[in-house]
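Trainee:
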Amino acid sequence: MKIFNSINDFICSKKTILTLGTFDGVHIGHRKILEKVTQNTESDTTESLVLTFFPHPRMVLQGQSDVKLLNTIGEKIDLLETLGVQNLVIHPFDEVFSKLTAEEFVKTVLVEQFHIQKIIIGHDHRFGRNRTANIDDLIAFGQQYDFEVEQISVQEIKEVSISSTKIRNALTEGNMALANDYLGYEYFLTGTVSRGKQLGRTIGFPTANLMIEGNDKLIPQNGVYVVKSIINQKTVFGMMNIGFNPTVAGEKLSVEVHYFDFDADLYDQEIRVSILEYLRAEQKFSSVPLLKEQLEKDKDAAWTYIKNL
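Every position in the sequence shown, counted from 1, becomes a number in the numbering used here once 849 is added.
(1) Going straight from the alpha carbon of residue 1107 to that of residue 1089, what length do you get?
(2) Which stretch, first to last residue, makes up the beta strand (DSSP E) that contains residue 902?
(3) Would you mind sorting residue 1017 into buried or exposed? The rule is 16 or more other CB atoms within 10 Å of its CB.
(4) Between the C-alpha atoms of residue 1006 and residue 1025, what's the straight-line distance to the nearest angstrom?
(5) Would you identify the three-state DSSP class for residue 1137, choosing helix, strand or coil?
(6) Taking the alpha carbon of residue 999 as the reference point, which residue from 1010, 985, 993 and 1011 has its own alpha carbon closest?
(7) Could you tell me which uninterrupted alpha helix (DSSP H) segments, each at least 4 residues in length, are contained entirely in the region 918-1000, listed from first to last along the chain?
(8) Could you spell out the range, first to last residue, of the beta strand (DSSP E) harbouring residue 1119?
(9) Enumerate in chain order the residues of its own chain whose CB-to-CB distance from residue 987 is below 6 angstroms, with the five nearest sequence positions on each side excluded.
(10) Would DSSP call residue 1145 helix, strand or coil?
(11) To test your reading of the DSSP string, which unbroken alpha helix (DSSP H) runs of 4 or more residues are found completely within the region 1030-1061?
(12) Hey, quick one: how far does the alpha helix (DSSP H) through residue 879 stretch, first residue to last?
(13) Measure the Cβ-Cβ separation of residue 887 and residue 864 and say whether it is below 8 angstroms.
(14) How big is the Cα-Cα spacing for residue 1080 and residue 1051?
(15) Measure the alpha-carbon distance for residue 1078 versus residue 854 and round it to whole angstroms.
(16) Taking the beta strand (DSSP E) that residue 867 belongs to, which residues open and close that run?
(17) Between the beta-carbon of residue 918 and the beta-carbon of residue 926, is there less than 8 angstroms?
(18) So is residue 902 buried or exposed if we call it buried at 16+ other beta carbons inside 10 Å?
(19) Mapping the DSSP letters down to three states, classify residue 1018 as helix, strand or coil.
(20) What first and last residue would you give for the beta strand (DSSP E) that runs through residue 1088?
(21) Would you verify that the beta carbon of residue 1143 is, or is not, closer than 8 angstroms to some beta carbon of chain B?
(22) Quick one: Cα of residue 1211 to Cα of residue 979, how far?
(23) According to DSSP, is residue 1068 helix, strand or coil?
(24) In the DSSP assignment, what residue or residues form a beta bridge with residue 1104?
(25) Have a look at 965, 1094 and 880 and flag the residue whose alpha-carbon is nearest the alpha-carbon of residue 896.
(26) Bridge partners for residue 1076 per DSSP, in chain order?
(27) So, for residue 1033: in the same chain, excluding its five sequence neighbours on each side, which residues have a beta-carbon less than 7 angstroms away from its beta-carbon?
(28) Using 7 angstroms as the cut-off, classify the Cβ of residue 927 as near or not near the heavy atoms of the ligand MN, replying yes or no.
(29) Following the continuous beta strand (DSSP E) through residue 853, name the residue where it begins and the one where it ends.
(30) Expressed to the nearest angstrom, what Euclidean distance is found between the alpha-carbon atoms of residue 1008 and residue 1031?
(31) Give the straight-line distance between the Cα atoms of residue 1127 and residue 1055, rounded to the nearest whole angstrom.
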């Protein structure tokens, strides 16, 4: 997959089949659109193109600097590449870009820069200054500038339309089953293993202390989770604690993973932790032995879940 850091950097000698959006989470609703894009570029005359933005438009237009995202840019790139996207443009979203009128955007970006043959979009797509243009306007522009427009209907699960917002809400409530159902894969955290206080090692539960990539990444609700990682090409299961370690007077939010039946030095390695299930809320225990006793129960509960996968 070719990656371009702005619209103006994009170069391609072929016509493009394009879709655009923030694609936060690259969830199954997004995948429906992306699959259509790749299916439409099976000939030698066109290439698939995804236009996405960073920072998130809401951060710029609404000043919501606290928006938490389902994917870092690196994670989004990996997910899009696995879907067979040939070209990805990550355009810096700013106020100047947001003020382009719908026709300016279509003419200068879609037609003149991207040379689109077809655009495939979701059911609720709006574009242009103040998001005033809709699907009917886009179809009219397509007739004017000679490109096709295809609209995807609402992708639904159990009669509830999927959205990145609903996935964020599920994660902040610890509802991993719903979040993963909507995503079409297990939600994951990516980070580098750093040295922590190493208390877990003294009670038989050594942990990998994960420094999460990206300040904007959404961390699920505090608590204990069943997780898995691919380490040295092997699937390793474990449990993860998100929280402040109140039993030992922790002051900073930490993400710590204890892997089962696994012993290797992970310090300074980047690992991806897929989150399978929420077990319980974070608790404060009156002593470290009581904490250890609960961790044994958590481990048993995690193994019960894993064996039923």
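Each residue gets a CB set at the ideal place from its N, CA and C atoms; glycine is no exception. Note that this is a predicted model, so its numbers are computed, not measured.
Mentor: On the basis of the data shown:
(1) 6 angstroms
(2) Element bounds for residue 902: 895-903.
(3) Residue 1017 comes out buried.
(4) Any reading at residue 1006 must be qualified, since the residue scores a pLDDT of 49, below 50, and its modelled position is unreliable; the value itself is stated next. Approximately 15 angstroms, taken between the alpha carbons.
(5) When secondary structure is reduced to three states using DSSP, residue 1137 falls in the helix class.
(6) 985
(7) Segments of the alpha helix (DSSP H) lying fully in the region 918-1000: 922-931, 944-947 and 984-994.
(8) 1119-1129
(9) 998
(10) helix
(11) 1048-1051
(12) First-last of the alpha helix (DSSP H) with residue 879: 877-888.
(13) no
(14) 24 angstroms
(15) 30 angstroms
(16) 864-869
(17) no
(18) Residue burial is scored here from C-beta neighbours: residue 902 has at least 16 other C-beta atoms within 10 angstroms and is therefore classed as buried.
(19) helix
(20) 1083-1092
(21) Looking for chain B here will not work: only one protein chain is present.
(22) Residue 1211 cannot be examined here, being either before or after the span of the chain that is shown, 850 to 1158.
(23) coil
(24) For residue 1104, which the question treats as bridged, DSSP gives the partners 1091.
(25) 965
(26) 1087 and 1124
(27) Around residue 1033: 876, 877 and 880.
(28) As for the ligand MN, it is missing from this structure, which has no ligand bound.
(29) Counting along the chain, the beta strand (DSSP E) containing residue 853 begins and ends at 851-853.
(30) Confidence in residue 1008 is poor, its pLDDT being 45 and thus under 50, which makes the residue's placement unreliable; the coordinate value appears in the next sentence. Rounded to whole angstroms, residue 1008 to residue 1031 spans 12 angstroms at the Cα level.
(31) Approximately 20 angstroms between the Cα atoms of the pair.
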